[in-house]
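In what follows, a structure is listed as structure tokens, so that the remarks can point back to it.
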Amino acid sequence: MDVLRKLLDKQKPLFEKGGKLEKFYYAFEAGETFLFTPNTTAGKHGSHIHDAIDLKRMMITVVIAMVPALLFGIYNVGHTHFLAVGEQADFLQKVLIGAQVVLPIVIVSYAAGGLVEVIFATIRRHPINEGFLVTGMLIAIVMPPTLPLWQVALSAIFAVVIAKEVFGGTGMNVLNVAMTARAFLYFAYPGDMSGDVWYYLGDKQYADGFSGATPLGLAAEAVSTESVQPLAATMAEFQDGLFTFWNMAVGLIPGSIGSTSFIAVMLGAVILIVTGVGSWKIIVSAFAGAYAMGLILNLAGANEYMNLPAYYHFVIGGFAFGAVFMATDPVSAAHTELGKWVYGFLIGVITVIIRVLNPAYPEGIMLAVLFMNVFAPLIDFYVVEANKKRRLQRATV
Amino acid sequence: MPQHIKLKRGFTINLAGKAEKTISDAPPSDTYALKPTDFLGMIRPKITVNEGDTVKAGTPILFDRQMDSVMYCAPVSGEVVEVKRGEKRKLLEIKILADKEVDYEEYKQYSVTDLIALSREDAQEQMLKGGVWPQLVQRPYGIVADPADTPRDIFISTFDTSPLAPDYDVLLKGQGNFFSAGIEVLKKFTEGKVHIGIDAKAEVSSVFSDIKGAVSTKFSGPHPAGNVGVQIHHIAPINKGDIVWTIDPYGVAQIGKLFLKGIYDTTKTICLAGSEVEKSQYYHTHCGACIDKIIEGKIEHRNVRYISGNVLTGEKIEPDGYLGYYNHLVSVIPEGNDYEFLGWMKPTTEKLSFHRALGLLSFLNSSKKEYVLNSNMKGEERAFVQTGIYEKVLPMDILPEYLFKAIMAEDYDEMETLGLYEIVEEDIALCEFIDVSKHDLQGIIRQGINLLRET
């Protein structure tokens, strides 16, 4: 490693003040600090020792937590592809097709968003933030597999600029960056983001009689059609048991690339909770909120969707992924501990309300997270005011 | 039975190189110094001696023009050899070349029974002149107490939970009578109470148990349970408009000596500790001692950092630097000025972490494991990202993240209502240690305090 270090030390003066490539110092620094933890020591005053954690380690933990969902997503894109075109295929073929579709999306998302990060860091002279390690992956994972690559790039650029940089960069953003990317595409190019986009077909056609519907689409239909049997039964019978509860929990169903598998997402949730990087309060309360709202709708029971057992909401659509990876983004979530309970719970509640009661949007988690991102500061405001009030009341005693 | 307050939140940093409870005489230092920078509230220091003047221990050599009744005295007798100034002629150190035998300035001597009848005015006059007054630190702000104030209460923490902290039972060995006398004097300054925070885990302490005239409260829990600010928060918190005074047990005993012995006695027991010290233990010396003789031959490596005070809040000093006025500890840790290949992702059980993010496995170690930590920042400064983490190491009903942001935004109302009156640097030192984004949080707190003091 000494060779590498020497090489870096040799190049460093070029990028430092007065050097030829001074402008690109932060790009150089990003690479240098990626390879070597810097030799900076604590100042004269203040704490002389520091915890081994840094933002890089925290962010890479989130990326690792997403790996099960990503890997499963790669397999599943291949799996659903062969399902849709009605061909048999073995594991390897499925993975190959999946990788062929998913990896370019991941790469484009990282490249486009990363480029914007570097440009802003260079112009504004601030270090490149590691948050994009997570955002880049998140953006890719929540997209439909059929999305054109230019749209991936466009949404990543839009999200980084509008959701993050205009607010002052990492740590200052109000909205979750990845959800903004998805919402942008959803409203700008609805044809590519909803409807029949969830199966990657390549240059082939659906097999005869195969339907491209998703569980959420099926559920939305149940609102308007009279049905003689419960929605869960309708789902279970659909296309040879494609949407049985267990199939949906495992995630062998069409949907956004990495968000179909409840089980893979839960593996990620365990990593986030054990490492303490993601707030368990938000995750638990989001699931509690969705479940509670599901139960309330069961009581109302005006149509078959309302009668759907509340726990079905965990496994259909992108709820689990959103609750675990999007809602827990520390910057855009509530910052106070009490606030996190309220914030997560309302995300769950609103997701189910949008799903069941609003026929225009089959999936609710995206808008629920963005909506609660906007309200998080308000929740925090009341928690902070309560803290101040306690202090004031003490004074009069 | 004293009340027992159990604190849950916090984090005890178990560093290698804790001191054995043996005390030796340190080789006497050639020079001793008074550092005006030790007194955070001091804005306009004025020096009353010139280079070449001879002084006795207890001769006033410095005062603050904004509070000119408080005298800062020479710690030993000898000749003023250097007045060291920094940028903009900022006064840094007043160095005294010590005599072989310390010659003391004489003040009025009292007997234990006289002390009971002593008035506040007389006590105050002697303390202001006799060099011990700066031991009284005012909260809010953590600055030297103003003699014109009458504090609501006075608080003393008799134990220190910070890394490598010395044991006050050792520091005050055999000085129980001076400590009691000091308490007797302090009682005259407040209409409230004198509170003593006691370590609930400690064995019955000869010095601190059964102190007459003071209210004892036991505390247990991880660091910062020993911080006086945390103890105040749980006994009788500081509200807007309140003024309380704090003082450490050494200061109390020093006040006791001023009255019982009639001298400004600056002998003190200090602790030399840390992973780089060959044999960590206690030494007898005087306030403001140059550490060169004390450390001589006891440090194993050259690339080390000397800290006057503990590793969380102390001041980095040179190998020939001087012990700070309020410090009883010299910590010696490795200087971490080297690069580490992929240091941010390597799994490790050797580097201590409060977190459990990928590869940070120190939580698997036994709680008795001792760590060698260096001064490396272990990352770069970033924006605030992680939330809800500072609260876990601050056992107070305070929202640190909001307080820091209020200070950075210079929002005076928020600083006040979010509790800046209750906090000084040492209370949030752990927040700085565990900070993912590597902010200078203690610096931010001092900046906030200075803003509030200006108004």
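Order-wise, the sequence lines are chains A and B. Residue numbers are given in this note's numbering: position 24 of the first sequence equals residue 24, and the series is strictly consecutive. To convert, count from 1 in the second sequence and add 1000; that's this note's numbering. Ideal Cβ positions, reconstructed from N, Cα and C, are used throughout, including at glycine. Note that the coordinates shown come from a computational prediction; the quantities given were computed from them, not determined experimentally.
Taking the C-beta atoms as reference points, P215 (chain A) is found nearer than 9 Å to M235 (chain A). Comparing alpha-carbon positions, the option among A:L149, A:Y189, A:G251 and A:G209 lying closest to I107 (chain A) turns out to be A:L149. For the 9 Å CB-CB criterion, A376 (chain A) and H313 (chain A) do not form a contact. Taking C-alpha positions only, L1361 (chain B) is separated from T61 (chain A) by approximately 13 Å. Collapsing the DSSP output to three states places I1183 (chain B) in a helix.
Under DSSP, S1220 (chain B) forms a beta bridge with B:K1006. Between the region 1327-1335 of chain B and the region 1270-1290 of chain B there are three or more C-beta pairs closer than 8 Å, enough to call the two in contact. Residues of chain A with a Cβ closer than 9 Å to the Cβ of Q1442 (chain B) are, in chain order, H45, G46 and S47. The beta-carbon of K1351 (chain B) is placed less than 9 Å from the nearest beta-carbon of chain A.
Taking a cut-off of 8 Å for Cβ pairs, the region 1345-1355 of chain B and the region 293-310 of chain A do not touch, as fewer than three such pairs fall below it. Restricting attention to B:E1454, B:I1428 and B:L1441, the CA atom closest to the CA of G43 (chain A) is found in B:L1441. Taking a cut-off of 8 Å on C-beta distances, the region 1407-1416 of chain B does not touch the region 347-363 of chain A, as fewer than three cross pairs fall below it.
By alpha-carbon distance to D1397 (chain B), the top candidate from B:A1406, B:F1384, B:V1385 and B:T1417 is B:T1417. Judged by their CB atoms, T1217 (chain B) and H1233 (chain B) are not nearer to each other than the 9 Å cut-off. Residue contact check for G1192 (chain B) against chain A: no CB pair falls below 9 Å. Under the Cβ criterion (8 Å, minimum of three pairs), the region 122-134 of chain A counts as touching the region 45-63 of chain A. Among the bridge pairs identified by DSSP, H1286 (chain B) is matched with B:T1267.
Closer than 9 Å to the CB of F1354 (chain B) there is at least one CB belonging to chain A. For A1357 (chain B), at least one C-beta of chain A is nearer than 9 Å to its own C-beta.
With its beta carbon less than 9 Å from one in chain A, V1436 (chain B) belongs to the interface. Residues of chain A whose Cβ lies closer than 9 Å to the Cβ of Y1141 (chain B) do not exist; the shortest such Cβ separation is about 16 Å. Taking a beta-carbon distance threshold of 9 Å, V1311 (chain B) counts as an interface residue toward chain A. With its beta carbon at least 9 Å from every one in chain A, N1327 (chain B) lies outside the interface. Residue burial annotation: M172 (chain A) is exposed, with fewer than 16 other C-beta atoms found within 10 angstroms of its C-beta. DSSP places T328 (chain A) in no alpha helix (DSSP H); its state is neither H nor E. W1245 (chain B) sits away from F1159 (chain B), with the two beta carbons spaced by 9 Å or more. Contact annotation: in the region 1218-1241 of chain B, residues whose CB is within less than 8 Å of a CB in chain A are P1237, N1239, K1240 and G1241.
In this structure, A188 (chain A) keeps its C-beta atom at 9 Å or more from the C-beta atom of A159 (chain A). DSSP places R1139 (chain B) in the strand class (E or B) of the three-state scheme. In its chain, beyond the 5 residues on either side, T1031, A1033, V1081 and E1082 have a beta carbon closer than 6 Å to the beta carbon of K1095 (chain B).
For F1155 (chain B), the uninterrupted beta strand (DSSP E) segment begins and ends at I1154 to S1157. For L1091 (chain B), the enclosing beta strand (DSSP E) stretches over residues L1091 to A1098. In this structure, the alpha-carbon of M1415 (chain B) lies about 18 Å from that of A1429 (chain B).
For the C-beta of S279 (chain A), the chain B residues within less than 9 Å are, from N- to C-terminus, T1387 and G1388. In terms of beta-carbon proximity, S1375 (chain B) lines the interface with chain A, with at least one pair separated by less than 9 Å. For V265 (chain A), same chain residues with a beta-carbon under 6 Å away, outside a window of 5 residues either side, are A69, A320, F321 and V324 in chain order.
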